[in-house]
Amino acid sequence: MVAAMGILLLLIGYGLGYIFGGSTTSGIAGLVIALVIWAIMNLVAYFQGDSLLLSMSKAIKISPDDHPRLYNVVEEMKIASGLEKIPDVYIIDDPALNAFATGRDPSKASVAITSGLLEKLNRDELEGVIGHEMSHIKNRDVLLMTICSVLLGTIVILAWYGSRALIFSGGGSRRSSKGGGQGQLIIFAVAIILMILAPIMAQLIYFAISRKREYLADASSALYTRYPEGLASALEKLGASTGQLKSANQATAPMYIVNPFRPKGRAATDLTSTHPPLSERVRILRAMAGGASYVDYDKAYQQVHQGGAGVMPAAALAGAGAVGLRAAAPEAAMKEPEPGRVERTREVGDLLWQKSGYKIIDCECGTRLKVPSNIGRATVKCPHCGRTHQI
Amino acid sequence: MAVWAWVIIGIVVVLILWFVFIFNGLVRLRNQVKNAWAQIDVQLKRRHDLIPNLVETVKGYKDFERSTLEAVTKARNVAQQAVGQGVGAQAKAEGELSGALTRLLAVVERYPDLKANQNFLALQEQLTSTENKISFSRQFYNDSVLNYNNKTQMFPSNIVAAMTGFKQGEFFQVEKAEEREVPKVSFEQPKT
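Protein chains in written order, with this note's numbering: chain A, 41 to 431; chain B, 2 to 193.
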């Protein structure tokens with residue numbers, strides 16, 4: 041499908057060159073120009089994409105001590121997925137619920153999660169979400185979707201210029217090459233149609249690729265955690281929220297776990313969405329009764345869609361062994377007493393205070409003081425009980 | 002005559018390429034198994050290192066069940082001795098350690114003070130996570146072994162495997178009974 045988009049781009053380049061120059065050689069020149077534009081945009085996205093995205097989202101990098109549970113979960117999923125290196129972990133101060141992965145290759149990747157989501161999810165759910173993101177990294181979806189979105193952007197730009205050129209220079213090239221006859225006229229007509237259709241087609245292909253990778257990431261998350269219910273229940277929580285992520289944009293949308301722009305009540309089978317509908321993703325995960333392998337996910341997908349073709353790439357299905365599910369709590373008593381919603385919110389809140397330069401002092405009376413770093417004093421008094429603390 | 006010679010040379014070249022391709026695939030899988038085993042080792046070692054800390058923290062609490070603590074310490078020592086004695090032996094010892102730890106953490110439920118202790122909570126997060134990491138690395142190791150064994154047994158790669166001496170990998174299996182057993186904890190006060 042990526043190839044289809046590439047061919048579309050080349051066709052546009054060729055058509056543009058042909059219209060401007062009116063000969064096959066200039067058509068090829070246009071083709072070359074299209075390729076060069078594409079390559080340059082790709083290089084920029086490839087080398088700068090992740091740091092751009094992270095700084096645009098105002099993501100804060102965290103260390104294992106800042107939030108042990110999140111970091112541990114990321115490391116657990118790294119082990120389960122067999123990645124070589126643990127990705128950097130970022131947190132975004134935003135009440136909206138979302139998470140994304142980025143980075144050009146598995147050895148230089150990052151996962152980011154919003155503070156809102158971190159507060160809302162319990163350990164199993166967090167594992168499901170991180171597993172989903174880990175799969176994006178492991179399958180190099182970041183690279184794939186970067187290429188796709190750059191291709192898409194280039195096609196849209198070229199088609200736009202092409203249509204302008206057609207309108208304003210109104211077929212001047214056609215008149216200049218009088219002897220061309222019927223054949224050239226046909227090519228010219230095809231070029232016009234292509235200019236109009238290409239961006240639309242490219243967009244649809246792009247969305248289709250994105251949705252396929254989402255299914256694959258869901259399936260991989262189930263495979264890594266052996267517990268599809270975790271991700272299913274996390275997706276349910278995500279679906280219940282209405283907040284939109286402030287820092288997302290169209291180009292980066294496919295990297296998020298749920299579409300950051302989803303309006304409420306979107307149609308169930310939508311061709312123009314980067315993500316499959318949440319309710320469907322949840323139903324597929326819950327239908328995985330037999331096991332946690334890709335084959336089981338494919339079966340569940342077919343079951344939810346009442347037959348038809350599966351969604352897993354053939355390469356993923358080949359050679360996949362049977363994989364059992366695990367019970368809700370693998371080590372029944374080993375399960376920590378799950379910190380509740382309130383504790384989690386406090387945990388994340390404290391982390392964000394610390395990350396923005398505040399020092400946290402616990403007073404004996406139970407008050408938690410948050411002291412800015414530029415306070416300019418050596419001691420601070422607890423407003424509650426009057427004890428003095430060293431900073 | 003010349004044509005036949007070329008055909009035979011062509012077939013030989015294709016065969017050699019095929020052989021190299023399969024051989025490299027097998028090596029890659031075997032290395033993955035080795036690497037996955039190293040992962041398990043790291044996590045097991047981490048658990049061994051965490052236990053003295055845990056025992057120290059819990060020991061401070063008066064009349065904490067001696068026998069549970071001793072069982073954990075003993076299981077740890079056995080597990081440490083099993084290091085390097087083969088996958089099977091190590092899996093068995095670690096399974097027992099898991100069981101002992103599970104019982105210890107179940108007993109902790111009876112001590113509300115201990116459960117509220119910040120030190121203990123942090124330790125517990127580390128322990129829970131290490132436990133998860135062990136089971137995830139075991140999962141990945143077993144998947145890798147399965148892939149590798151499939152490759153060495155299935156036609157046609159089994160020919161190459163037999164010719165070049167690739168051995169089967171061994172699964173890391175924790176005894177089911179030990180792992181799945183829900184610890185029996187009585188919530189009555191011990192009689193004094």
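Glycine residues also receive a C-beta, built at the ideal position from the N, C-alpha and C atoms.
Cβ neighbour criterion (16 or more within 10 Å) applied to residue i
i	result
C405/A	exposed
A418/A	exposed
W7/B	exposed
F247/A	buried
I400/A	exposed
W78/A	buried
N414/A	exposed
P157/B	exposed
G156/A	buried
T194/A	buried
F167/B	buried
D64/B	exposed
P53/B	exposed
G96/B	buried
G212/A	Annotation note: pLDDT 48 at G212/A (below 50); position unreliable, no value reported.
Residue i versus residue j: straight-line alpha-carbon distance, rounded
i	j	result
L115/B	E66/B	13 Å
V21/B	A37/B	24 Å
Q81/B	L98/B	10 Å
L92/A	V388/A	24 Å
A69/A	L18/B	40 Å
K410/A	C425/A	15 Å
A44/A	R163/A	41 Å
L174/A	N78/B	Here the sequence assigns Met to residue 174/A, which means Leu is not the residue at that position. Roughly 36 Å separates the two Cα atoms.
M185/A	D90/A	12 Å
G61/B	V109/B	13 Å
A257/A	V196/A	28 Å
N159/B	V28/B	13 Å
I226/A	V72/A	23 Å
N151/B	K118/A	24 Å
L124/B	L51/B	8 Å
C422/A	P113/B	28 Å
S260/A	H172/A	7 Å
S396/A	V182/A	29 Å
E165/A	R104/B	26 Å
D42/B	Y149/B	19 Å
F87/A	N25/B	32 Å
S68/B	A107/B	14 Å
A372/A	T129/B	Unreliable placement is indicated for A372/A, whose pLDDT of 36 sits below 50; no coordinate value is reported for it.
R144/A	A231/A	35 Å
Reference residue i; option with closest CA among the options
i	options	result
V76/A	G89/A, L49/A and M96/A	L49/A
N179/A	A149/A, T407/A, I59/A and R417/A	A149/A
T142/A	G122/A, V113/A, S121/A and S97/A	S97/A
L56/A	A238/A, R323/A, A85/A and Q430/A	A238/A
P104/A	L192/A, D128/A, Q88/A and E124/A	D128/A
G416/A	D402/A, P423/A, T407/A and Y398/A	Y398/A
E276/A	I232/A, R321/A and Q224/A	R321/A
T131/B	V113/A, L161/A, Y255/A and L192/A	V113/A
G202/A	I187/A, G223/A, F228/A and Q222/A	F228/A
P268/A	A231/A, W200/A, A340/A and I236/A	A340/A
C188/A	M328/A, W200/A and L244/A	L244/A
G46/A	A199/A, H429/A, L192/A and A274/A	L192/A
R381/A	D134/A, L161/A and L123/A	L161/A
L158/A	W393/A, S95/A, I232/A and R109/A	R109/A
T314/A	Q346/A, V344/A, R251/A and M328/A	R251/A
N143/B	V13/B, L70/B and L30/B	L30/B
V146/B	T129/B, N120/B and N32/B	N32/B
Under 8 Å between C-beta atoms of residue i and residue j
i	j	result
I249/A	L278/A	no
V56/B	T74/B	yes
I131/A	I80/A	no
I153/A	A139/A	yes
F141/B	V88/B	no
V190/A	I170/A	no
G330/A	E167/A	no
V4/B	G170/B	no
A332/A	R266/A	yes
Y264/A	S147/A	no
A101/B	Q91/B	no
Q40/B	S136/B	no
V161/B	I9/B	no
I59/A	L234/A	no
I427/A	C403/A	First, the amino acid is wrong: residue 427/A is Arg here, not Ile. For R427/A and C403/A, yes; Cβs fall inside 8 Å.
V351/A	A327/A	no
Residues of the region 98-109 of chain A whose Cβ lies closer than 8 Å to any Cβ of chain D, in chain order: The structure shown contains no chain D; its protein chains are A and B.
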